[in-house]
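Read through the structure below, which is laid out as structure tokens, and then see the notes.
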Amino acid sequence: MTSRNIISYSFLILTLVVVQLLFLKNLAVFGQAFGFLYLLGLLVLPSTLRTIPLMILAFFLGLSIDLFFQTLGMHTAAATCFAFFKHIWLKISSPSGSYEESEEPTLSQIGLVRYVSFALPLLFLYSLVFFMADHWGTGSFIPVISKSFFSSVFTLFLTILVQLLFFKRKRGIS
Amino acid sequence: MLRIFEFLYKIRTFLLFVLLEFLAVWIIVSNNSPQGAAFFNSSNAWTGKALEKQAEVVQFFSLAEANASLNSENALIKQKLLGLQAQPDSLPLQVDSLLEAKYKFIGARVIANSLRLSQNYITLNKGEKDGVKPGMGVFNSQGVVGRIKSVSKNYAVAFSLLNTSLLLSAKIKTSDVFGSIQWDGTNSLEAQLLYVPRHVTVSKGDTILTSGFNAIFPEGILIGKISNVAVNQKDPNYLALTVQLSADFSRLTYVYLVENPAFQELDSLQNQSVLPND
Numbered sequence: 001m002t003s004r005n006i007i008s009y010s011f012l013i014l015t016l017v018v019v020q021l022l023f024l025k026n027l028a029v030f031g032q033a034f035g036f037l038y039l040l041g042l043l044v045l046p047s048t049l050r051t052i053p054l055m056i057l058a059f060f061l062g063l064s065i066d067l068f069f070q071t072l073g074m075h076t077a078a079a080t081c082f083a084f085f086k087h088i089w090l091k092i093s094s095p096s097g098s099y100e101e102s103e104e105p106t107l108s109q110i111g112l113v114r115y116v117s118f119a120l121p122l123l124f125l126y127s128l129v130f131f132m133a134d135h136w137g138t139g140s141f142i143p144v145i146s147k148s149f150f151s152s153v154f155t156l157f158l159t160i161l162v163q164l165l166f167f168k169r170k171r172g173i174s
Numbered sequence: 175m176l177r178i179f180e181f182l183y184k185i186r187t188f189l190l191f192v193l194l195e196f197l198a199v200w201i202i203v204s205n206n207s208p209q210g211a212a213f214f215n216s217s218n219a220w221t222g223k224a225l226e227k228q229a230e231v232v233q234f235f236s237l238a239e240a241n242a243s244l245n246s247e248n249a250l251i252k253q254k255l256l257g258l259q260a261q262p263d264s265l266p267l268q269v270d271s272l273l274e275a276k277y278k279f280i281g282a283r284v285i286a287n288s289l290r291l292s293q294n295y296i297t298l299n300k301g302e303k304d305g306v307k308p309g310m311g312v313f314n315s316q317g318v319v320g321r322i323k324s325v326s327k328n329y330a331v332a333f334s335l336l337n338t339s340l341l342l343s344a345k346i347k348t349s350d351v352f353g354s355i356q357w358d359g360t361n362s363l364e365a366q367l368l369y370v371p372r373h374v375t376v377s378k379g380d381t382i383l384t385s386g387f388n389a390i391f392p393e394g395i396l397i398g399k400i401s402n403v404a405v406n407q408k409d410p411n412y413l414a415l416t417v418q419l420s421a422d423f424s425r426l427t428y429v430y431l432v433e434n435p436a437f438q439e440l441d442s443l444q445n446q447s448v449l450p451n452d
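Chains as they are written, first to last, in my numbering: chain A, 1 to 174; chain B, 175 to 452.
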């Protein structure tokens, strides 16, 4: 990863966190679908960044979101889980092992179908961990599943929208 | 021995994953105990400041409504005050401890609030500096809002009534039967009134007030109205009562904090009266 890349990725993640804090904090579509847009920053990081640094980054990213959301530890746990499974799932979901080391799993690089099959299960996993931590002890199961499902779909929609609007074609991030 | 280290090195990613998850769970658990990890929460100075700035912008748009509600409340208080003022020819009365003002009130502004999770918290712009203490009750002109959880120098975090771990002592106004209010985590407009025995006749629309038993809230602050009456499926000895909350949690701006200075005394006295079991 070049230093130019590092700067542009840091800028992207910082912007996404600010957007998450200012606009998506109290947003819940129909009281069900939460938008975890800041995960886009973790999603599009190239696979040259190994799982260990990615996991540490995710841990602190989740913690900083938690500090503002009064959901201490929940985003942290979910983001760490997300980071751990990202590379594993990227390998599995790539068609017949065509997994390139330097690849950025962005929409323009891997196409819509592969992007959805790559991102949606990860986002669902994230939402599932988050809402399970939130509803822990209340014994309700159906709300956890429905919230997780609608949140992951809504987040996927947001990440696609942001990539279409703000990412340069075939050039990673602007 | 070397093999063990080699093996551990091989699964280092997984080990780190387990370690970080363990840390996260520890943070969740320690944060949910009322005394723990006060450092991490949003009464922390930096996040508090950022949240306050955000609230200033958002709440500018609801100023008119806030003003109107303050105004109508002021009028009500003035009316009551007029009735309390002593007439010049009345007998001077020595105020004893029975008539002494029992509760202290502090006004505060909400700077962060959530209602979509099952553990919701409210951040307020008053802290230790202004005399806020953990355990104080929070309410506004519409009804009960929550209870203070932890306090920093300038900010405080409260359990919202929309938090599944908060229980409040409540009573039905018409019959004076008491129970506990708890939120079940589903609908942000409704909570459950628990432990009301089945023989009590309850009807839709009955008013639910604070009971004053737990000495956090003064007696008679509005909580809501009964919106549904049914028999508890899990424990048929009790009724399952749904209460429509009177406070509008989606637009909280100004709240009052209430403290009972005699709470410590009462609490320790009540603890003494419990017989030791073991």
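No residue lacks a Cβ here, since even glycine has one placed at the ideal position from N, Cα and C.
(message) When you compare the CB positions of L413 of chain B and V403 of chain B, do they come within less than 8 Å of one another, or not?
(response) Contact flag set, yes.
(message) Under 8 Å, Cβ to Cβ, is there at least one residue of chain A near A212 of chain B?
(response) Low confidence applies here, because A212 of chain B scores a pLDDT of 48, under 50, leaving its location unreliable; read the following figure in that light. Judged by the 8 Å Cβ criterion, A212 of chain B is not in contact with chain A.
(request) Using only the heavy atoms of the ligand ATP, determine whether one of them is closer than 7 Å to the beta carbon of L63 of chain A. (result) Because no ligand of any kind appears in the structure shown, any question about the ligand ATP cannot be addressed here.
(message) Using the three-state DSSP reduction, which class does N406 of chain B fall into: helix, strand or coil?
(response) DSSP places N406 of chain B in the coil class of the three-state scheme, outside both helix and strand.
(message) For the beta strand (DSSP E) containing L342 of chain B, name the first residue and the last one.
(response) Element bounds for L342 of chain B: 342-346.
(request) Run down chain A in chain order and give the residues with a C-beta less than 7 Å from the C-beta of R425 of chain B. (result) Per Cβ cutoff of 7 Å: no residues; R425 of chain B is ~11 Å from chain A at best.
(request) Answer yes or no: does any C-beta atom of chain B fall closer than 8 Å to that of F36 of chain A? (result) Cβ-Cβ to chain B under 8 Å: no for F36 of chain A.
(request) Classify F391 of chain B as helix, strand or coil using the three-state DSSP reduction. (result) It is coil, neither helix nor strand.
(request) Using a Cβ cut-off of 7 Å, pull out every chain B residue sitting near I65 of chain A, in sequence order please. (result) Listed along the chain, the chain B residues whose CB falls inside 7 Å of the CB of I65 of chain A amount to none; the nearest CB is some 11 Å away.
(request) Could you run through the stretch 285-317 of chain B and flag, in chain order, every residue whose CB is less than 9 Å away from some CB of chain A? (result) Hits within the stretch, in order: A286, N287, S288, L289, R290, L291, S292, Q293, N294, Y295, I296, T297.
(request) Determine the chain B residues that contact A262 of chain A at a beta-carbon separation under 7 Å, and present them in chain order. (result) In the structure as shown, chain A starts at 1 and stops at 174, and residue 262 of chain A therefore has no counterpart that could be examined.
(request) Leaving aside the five residues before and after F437 of chain B along the sequence, list all residues of the same chain whose C-beta is less than 8 Å from its C-beta, in chain order. (result) If we look at F437 of chain B and ignore the five residues flanking it on each side, its Cβ neighbours are G309, A389, I390.
(message) Run through chain B and tell me which residues come within less than 8 Å of Q163 of chain A, C-beta to C-beta.
(response) Within chain B, no residue has its beta carbon less than 8 Å from that of Q163 of chain A; the closest one is some 26 Å off.
(message) On the criterion of 16 or more Cβ atoms from any shown chain inside 10 Å, does G35 of chain A qualify as buried, or is it exposed?
(response) Buried: at least 16 other Cβ atoms inside 10 Å.
(request) Select from the stretch 31-57 of chain A all residues with a C-beta closer than 9 Å to any C-beta belonging to chain B, and list them in chain order. (result) Under the 9 Å Cβ criterion, the stretch 31-57 of chain A contributes G31, Q32, F34, R50, T51, I52, M55, I56.
(request) Decide if the stretch 380-389 of chain B is in contact with the stretch 338-349 of chain B; the criterion is three or more beta carbon pairs, one per stretch, under 8 Å apart. (result) With a cut-off of 8 Å, the stretch 338-349 of chain B and the stretch 380-389 of chain B count as touching, because enough Cβ pairs lie within range.
(message) Quick test of your reading: C81 of chain A and E195 of chain B, contact by CB under 8 Å. State the CB separation rounded to the nearest angstrom.
(response) The Cβ separation is near 7 Å, so the contact holds.
(request) Would you kindly work out how many angstroms separate the C-alpha atoms of Q209 of chain B and S324 of chain B, rounded to a whole number? (result) Any answer about Q209 of chain B is weak, because its pLDDT of 43 lies below 50 and its placement is not dependable; what the coordinates show is given next. For Q209 of chain B and S324 of chain B, the distance between alpha carbons rounds to 7 Å.
(message) Could you give the first and the last residue of the continuous beta strand (DSSP E) run that contains S334 of chain B?
(response) Unbroken beta strand (DSSP E) run through S334 of chain B: 330-337.
(request) Determine whether the Cβ of G359 of chain B lies closer than 8 Å to any Cβ atom of chain A. (result) Contact with chain A is found for G359 of chain B, since one of that chain's Cβ atoms lies less than 8 Å from the residue's Cβ.
(message) Is it the case that the stretch 296-305 of chain B contacts the stretch 392-399 of chain B, given that we only count it when at least three CB pairs across the two stretches are under 8 Å?
(response) Too few Cβ pairs lie closer than 8 Å, so no.
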